[in-house]
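Below is one structure, written out as structure tokens; comments come after it.
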Amino acid sequence: MLSSNLEIQWTHSGGAYSLYEGAGMTQWADIPMDDSDPAETQEWVDSLQYLLRDVGSERAQFILHRLQDEMRKSGHNLPFTANTAYLNTLPAEDQPSYPGDPDIERRVRSLVRWNAMAMVVRANRNSAGIGGHISTFASLALLLEMGFNHFFHGPKNGAPGDQIYFQGHAAPGVYARAFLEGRLTQQQLENFRRELQSGAGLPSYPHPWLMPGFWEFPTVSMGLSPIMAIYQARFNRYLHHRDLKDTAESKVWVFLGDGEVDEPESLGAITLASREKLDNLIFVVNCNLQRLDGPVRGNGKIIQELEAAFRGAGWNVIKLIWGTDWDPLLAKDDKGLLKKRMMETVDGWYQKYVVEQGSFIRDHFFGVHPELLKMVEGMTDDKLETLRRGGHDLQKVYAAYHAAVNHTGAPTVILAKTIKGYGLGEAGEGKNITHQAKKLNESELLNFRTRFGIPIGDDDVANAPFYKPADDSEELTYLHERRDHLGGFIPERTVRAKPLAAPQRKAFEEFFKGSGEREVSTTMAFVQVLSQLLRNPDLSQLLVPIIPDEARTFGMETLFRKYGIYASQGQLYDPVDMDQLLYYREARDGQILEEGISEAGSMASFIAAGTAYATHGINTIPFFIFYSMFGFQRIGDLIWAAADMRTRGFLLGGTSGRTTLNGEGLQHQDGHSHLLATTVPNLITYDPAYAYELAIIIQDGLRRMYEEQESVFYYITLYNENQGMPEMPKGVEDGILKGLYKFKPGADKPDRAKAHLFGSGSLLKEALRAQEILAEHYEVSADVWSVTSYKELRRDALEVDRWNRLHPTEKPRTSYIKEVLKDADGPIVAVTDYMKLVADQIAPWVPGPYTTLGTDGFGRSESREALRRFFEIDAECIAVATLHTLAQQGTIPMKRVKQAIDQLDIDPDKPDPLST
Ligand SMILES: Cc1ncc(C[n+]2csc(CCOP(=O)(O)OP(=O)(O)O)c2C)c(N)n1
Ligand SMILES: [Mg+2]
């Protein structure tokens, strides 16, 4: 037994501490502690120790497995633990020899550290409050530099290259390295966080939008990079299995914070990675035990918690906790006292050891047991203070990475224990404030300089100057040699795919003719457009349909059989519907990504597919169709990341419209995704009513994104209401794309009052019915317009206004909306199945009175008809709104409106949908 019941008291100058070790023998796992026969227990323990000592660990493992088997066979449960001891996973004796030059690498790393720190310090001196982070990279420096020197592969000479997701707040370290590599100028570093300065600056974090030749992945919104990376690794497999690209040698590395794992997205998809056996994926969790405010798990151990989660999910877990300094101590630890102490100490204490002196560590950590004290009696306090953690130990980090890249059959996570603000000393190393440390005073700079041996003289240090050695120095020569060897600089974003010719408009002629007697929805029309593209020999292979378990809702099961659902293992069973034409066919080369119920995962797949033009030089074209309600409001941040990343492709918001999706009620009925979509600058949004509009929009989207290579992507809403699709009127293509065109003029009768009705999507139908009501009963001639995109109309009008404002003496330009409505006399009433604000977007440019009708308020489970009356957007309400606007103008008397309300059977005292 390692210890008996025991409570140890010891004192320290700072006060008294006590440690309760718990009852009974040392526990690694949660097992019952009543030992009814200690002598017998000891026999078993002795046998095991004999095996370990005299035969070997493999034999011991075999015996334990056999015993477990026996238990299971006899129908008994086993105590479960997903944890191993709080030790390095890789035994010290199995470490591979180090292939690099530790000394030069240390010098390079030190320079990167210095420049990264100087970048933040200088930025904050020049511009108080500009911010920046020193301590994250300080903890990560070796973990990244090891990758740069030995593991990260660039895409040189046709190699697929690796994809590296850098911890966002460590960006200064990545810039500092690129500075040494000669890829960034001193002026850029000087203008860190000052992007608008002349000579260019640098964005705070990785943003491909802002540095399209440098950053590949936006990683700073915590939790997104792990999920994006998992699906990136899976997409690499997809490309491989579909023979689109050989990605066998490509690895995806993700560097994330230990605090970051609290974001649900961080761990939310880890079972996909193990299920898919993604051994091309490596997570490195920078376990510096701190987040922004304080410890990540002060009362526990984040590494143990993550080990259990990842092991439970089937990952290969490599714990990298202790540096080489600890190996001799552990070798002496026959009784397991040190291991026990390591295990029982919580992270809050480990953080404290960083800021305390060696004497404290001796008293507090080793002082709990005389034998532990004895173990370190030959070591000075200084030595105890600098006992290294795994993530700061060259040999150990190399061994972990080496094991990770060679592991097969499962993804790997490396849980690397580090120190936040490593090297900052008094300026914040390990302190709770370290995340916010932006400035170092003179003595702190001096200490940093000395600790890392930066060749800057005492007189200069206070300025925190950048330092770059001569191009032919040993350091830079080494650095370049390593990157050359590994395939070029990283990160580097290059658009490798060639422009792809989009199909001509005439290829979509079938959609221009109308559906005749047949009633179809725009969702069905979309599936037909997609099917047609899938038959196009030039595009077919590149299309990536993505669905989160809603294919049947959208009528896409028709694609299952022909194109197959991607499944890396193929189909290991006979599907229940195999005898049917449209059976659920899974295949290794399946084209459809059926992602299960994960909009976040589907979006991550969309991003991987929509950026493959850069990442892999292949123009894959994703079409991600989802319930529009579960798009922007659920995964809006991933959509924002997609925008930043210059993702191309089509997002399709199915079952859209607060009244068109009837029956489903409050949580499903979307009346605002178009509003949220408006916030994404490079997203082109459309709300089409008819099949021909949809076809024109998709054709143009393909042209703009893949032929013209514009950095835009599309959001198109689709409805599930069937209707006869009309033939495309002549000459409307341009209007469809610009956002507005006249669909059906009213009767040309000069004696009648004139009005204009704007309708979008399914509500265009109601506008057309209102046109009839107004003509038949109220002598109003209304033109009906289809508004396909309020966002596009507004974008154009804003651009024109701005140009006119900044060019006051030149001939003013006219916005499309003003141009197209210049002869539109009479009021305009707009109706949408979205909130009124969607239509209100264009109010400043609309001539004359403008009334908007929309679906503000919570949805209801009801029929379409009842819902449209409830939200006051049906034809009758449109007619009343039109008459009211005409009456406000003085064109007709108010009492006519009152009559209409009665005649059209509208209850004037009905509840207001906005507040009920
Ligand atoms: C989604 C999101 N929420 C909050 C933040 C703000 N934030 C930036 S760094 C940070 C703490 C990070 O801690 P950790 O993940 O442990 O990384 P470390 O800096 O310790 O390496 C927080 C909360 C963010 N970037 N993203
Ligand atoms: Mg942390």
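Numbering-wise, the sequence shown is residues 327 to 1242 according to our numbering.
Idealized CB from N, CA, C, for every residue including glycine.
Close Cβ partners of residue i (< 6 Å) along its chain, the five nearest in sequence each way excluded
i	result
Thr1114	Tyr1012, Pro1014, Glu1019, Ile1062, Gly1065
Leu1163	Leu1001
Tyr1176	Ile1154, Ala1169
Leu378	Ala386
Arg984	Gln995, Gly997, Asp1159, Thr1181, Gly1185
Ala1021	Phe834, Phe837, Val855
Met397	Leu404
Pro901	Tyr909, Tyr910
Same chain, Cβ closer than 7 Å to residue i, neighbours up to 5 away in sequence not counted
i	result
Arg503	Val438, Phe474
Tyr1045	Ser847, Thr848, Thr849, Ser982, Gly983, Thr986, Gly1087, Ser1088
Ser453	Arg520
Arg509	Phe815
Ala828	Gln1025, Leu1028, Arg1029, Tyr1032, Glu1033
Thr671	Phe691
Val587	Leu593, Val611, Leu632
Glu801	Ile430, Arg433, Val434, Leu437, Pro795
Own chain partners of residue i with C-beta closer than 8 Å, once the 5 adjacent residues on each side are dropped
i	result
Gly458	Met445, Val446, Ala449, Asn450, Pro498, Phe518, Arg519, Ser530, Lys764
Thr650	Ala418, Arg714, Asp719, Gln721, Lys722
Gly896	Glu912, Ala913, Arg914
Thr573	Pro486, Asn562, Arg563, Leu565, His566, Asn606, His942
Identified DSSP bridge partners for residue i
i	result
Arg715	Trp648
Lys1070	Val1110
Cys613	Lys743
Lys658	Answer is none; Lys658 lacks a bridge partner.
Gln489	Val578
Thr1011	Tyr1041
Leu869	Ile947
Heavy atom of ligand 4 within 7 Å of residue i beta-carbon
i	result
Arg1190	Of the ligands one can find in the structure shown, namely ligand 1 and ligand 2, none is ligand 4.
Residue i classed as buried or exposed, judged by whether at least 16 other C-beta atoms fall within 10 angstroms
i	result
Lys1148	exposed
Asp584	buried
Leu469	buried
Thr776	exposed
Thr712	exposed
Arg844	exposed
Phe540	buried
Met904	exposed
Asn606	buried
Thr734	exposed
Glu1118	buried
Asp1233	exposed
Glu431	buried
Tyr564	buried
Ser769	exposed
Tyr748	buried
Thr1178	buried
Ser999	buried
Leu992	exposed
Ile556	buried
Nearest-angstrom Cβ-Cβ length linking residue i and residue j, presumed shorter than 8 Å
i	j	result
Gly756	Leu646	Between Leu646 and Gly756 the Cβ distance is about 18 Å, and since that is not below 8 Å, they are no contact.
Pro532	Phe492	6 Å
Ile780	Trp440	5 Å
Arg1190	Asn988	4 Å
Leu1006	Ile961	What sits at residue 1006 in the sequence shown is Val, not Leu. Not a contact, Cβ separation roughly 12 Å.
Pro871	Gln1035	Incorrect: roughly 22 Å between the Cβ atoms, too far for contact.
Would you call the stretch 560–579 and the stretch 486–506 touching, i.e. three or more CB-CB distances under 8 Å?
yes
Could you check whether the stretch 637–646 touches the stretch 408–417, counting it as contact only if at least three pairs of C-beta atoms, one from each stretch, sit closer than 8 Å?
yes
Three CB pairs or more closer than 8 Å across the stretch 1100–1117 and the stretch 1206–1225
yes
Would you check if the stretch 421–436 and the stretch 797–813 touch, i.e. whether three or more CB-CB distances between them fall below 8 Å?
yes
At least 3 beta-carbon pairs within less than 8 Å: the stretch 913–928 vs the stretch 889–903
yes
Tell me whether the stretch 938–954 and the stretch 615–623 touch, counting them as touching only if at least three CB pairs, one residue from each stretch, are closer than 8 Å.
no
Would you call the stretch 606–615 and the stretch 737–746 touching, i.e. three or more CB-CB distances under 8 Å?
yes
Per the contact definition of three or more C-beta pairs closer than 8 Å, is the stretch 929–937 in contact with the stretch 947–964?
yes
So, do the stretch 1051–1061 and the stretch 1123–1138 have three or more beta carbon pairs nearer to each other than 8 Å?
no
Specify whether the stretch 680–698 and the stretch 652–672 touch according to this definition: at least 3 beta carbon pairs, one from each stretch, less than 8 Å apart.
yes
With contact counted as at least three CB pairs below 8 Å, one residue from each stretch, are the stretch 1194–1206 and the stretch 1097–1104 in contact?
yes
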